[in-house]
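Working notes, beginning with the structure itself.
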Amino acid sequence: MNTVSRLLKLIQTRLPLIQAPMAGVQGSRLAVAACRAGVLGSLPAAMLLAERLCAEIEAVRRQTDRPFNINFFAHKQPQADATQQAAWLQALQPFYREFGLSEADVAAGGGRQPFGEEQAEIVLRYRPAVVSFHFGLPEQTLLDKVKSSGAVVMSSATTVEEARRLEAGGADIIIAQGLEAGGHRGMFLSRDLTTQSGTFSLLPQVCAAVSVPVVATGGICNAATARAARDLGAAGIQIGTALMLADEADTSPLHRAALQSSRAEHTALTNLFSGGFARGIVNRFIREAGPINPAAPPFPLAQAVAAPLKAAAEKQGSDEFSSLWAGQNAPLAETGSAAEIIGRIMAGWGNVPEDSER
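What follows is the structure, given as structure tokens:
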């Protein structure tokens, strides 16, 4: 059985494509549309409280009987440091003064939550076909619960070393995340950005290093890039930015406008919005405070101080302090239904093994 067939058997879809989970720009509507298009739809769970996550899972189940993926973050939550928080607030004081904000406006909570017992119990309750992780894998006892649910486990690797670690840790599928990808880097063994490489350098190295199916993501946005990923050994592809203009995406009007402007030609990795490295369209905040600011607390704690700036600017109709996540090929993203976009991209993949029908 070739790697494409192995992937399709694991994710139980007609086509070897995964809709990337994108917190903030999608919910169950896009996941359902992807499932109906014959690919693996995904729900981003890291920013959802348990009640909301269960509601989203149930919304998917009401609208399709196709397999889908639930994505969680597996980072280790850092302890809040008052001194560090104060330094971050001080670094952003010029912007706070501009918007009439103060320390009282700092957001409560730590942002995205790591996978824990509560999330594991939800997996056991709903038993999704696939569970994916960003920032490595959860601790063994939690991963054992996921495996006992019958779910296939996927996780993102940004280096060959991370890919080997994921395979050894029990991942059934590895997502090779190239440097072109929008949103948060899945880095979990190092914060050294010099270890990061583009999709079409990373992909063949990961394919050579592991025995599980490898899915390519980052910069894959049309038929040509899908074909290139397959030629370099990918068992399948994952697309995110390419679906941000889809009819079923919840991308905000400000974000959609930025994606459809010449500004989308310039993206950068930044730690301003969460403390983790993530790629987005360059705006005033990134230009003037970063893109990489040493005062930012570790992921996800930076969000508490950055979030009020986003809210204040967006209230004025400005995206200059928004996290406009996008990959480097964002200018090639097109409008249309999710099914239409997926169809255009998969036209470059070629024939799918006949035994892949599910």
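Take the sequence shown: its position 168, counting from 1, is numbered 168 in full-length UniProt numbering, and each next residue is one higher. We treat Cβ as the ideally placed atom computed from N, Cα and C, and that holds for glycine.
Here Val152 has Leu10, Ile11, Ala129, Val130, Asp172 and Ile173 as same chain residues with Cβ atoms under 7 Å from its own Cβ, once five neighbours each way along the sequence are excluded.
Scanning its chain for C-beta atoms nearer than 7 Å, with the 5 sequence neighbours on each side dropped, one finds around Trp88 the residues Ala295, Ala296, Pro297, Ala302 and Val305, in chain order. In this structure, the CA atom of Val214 is about 11 Å from the CA atom of Glu167.
Around the beta carbon of Asp144, a 10 Å sphere encloses fewer than 16 other beta carbons of the protein chains shown; the residue is thus reported as exposed. Per DSSP, reduced to three states, the secondary structure at Ser42 is strand. Note that the C-beta distance between Ala229 and Leu203 is below 8 Å. Here Val153 carries a strand assignment [DSSP, helix/strand/coil].
Burial check for Gly100: the Cβ neighbour count within 10 Å stays below 16, so the residue is exposed. In this structure, Thr3 keeps its C-beta atom at 8 Å or more from the C-beta atom of Gly38.
DSSP, reduced to helix, strand and coil, places Gln303 within a helical segment of the structure shown.
Residue environment: Pro114 is assigned as buried (16 or more neighbouring CB atoms within 10 Å of its CB, all protein chains considered).
Burial check for Arg127: the Cβ neighbour count within 10 Å stays below 16, so the residue is exposed. If you draw a straight line from the Cα of Lys76 to the Cα of Gln316, it comes to about 35 Å. Nearest Cα to Ser252 within the set Ile286, Glu314, Ala104 and Phe200: Glu314.
Looking at the DSSP output, Val215 bridges to Ile175 and Gly236. Three or more Cβ pairs closer than 8 Å define a contact, and the stretch 262-282 meets that threshold against the stretch 327-337. Looking at the DSSP output, Gly336 sits in a beta bridge with Ala246. For the 8 Å CB-CB criterion, Ala234 and Leu243 do not form a contact. The beta-carbon distance between Asn71 and Ala45, rounded to whole angstroms, is 6 Å. This is short enough to meet the 8 Å contact definition. Within its own chain, the residues whose Cβ lies closer than 7 Å to the Cβ of Ala312, once the five positions on either side in sequence are excluded, are Phe99 and Leu101, listed in chain order. Phe188 is not bridged by DSSP to any residue. Shown here, Thr270 sits in a strand according to DSSP, grouped into three states.
Taking a C-beta distance under 8 Å as the contact criterion, Thr217 and Ala257 do not qualify as a contact pair. In the three-state scheme derived from DSSP, where H, G and I count as helix and E and B as strand, Pro114 is classed as strand. When the Cα atoms are used, Ala226 and Ile237 turn out to be separated by approximately 7 Å. With a 10 Å radius around the Cβ and a threshold of 16 neighbouring Cβ atoms, Ser274 comes out buried. In the DSSP assignment, Phe200 falls outside any beta strand (DSSP E) and within the unbroken alpha helix (DSSP H) covering Thr199 to Ala209.
The three-state reading of DSSP puts Ser5 in helix, counting H, G and I together. The three-state reading of DSSP puts His75 in coil, since its state is none of H, G, I, E or B. In the three-state scheme derived from DSSP, where H, G and I count as helix and E and B as strand, Trp349 is classed as coil.
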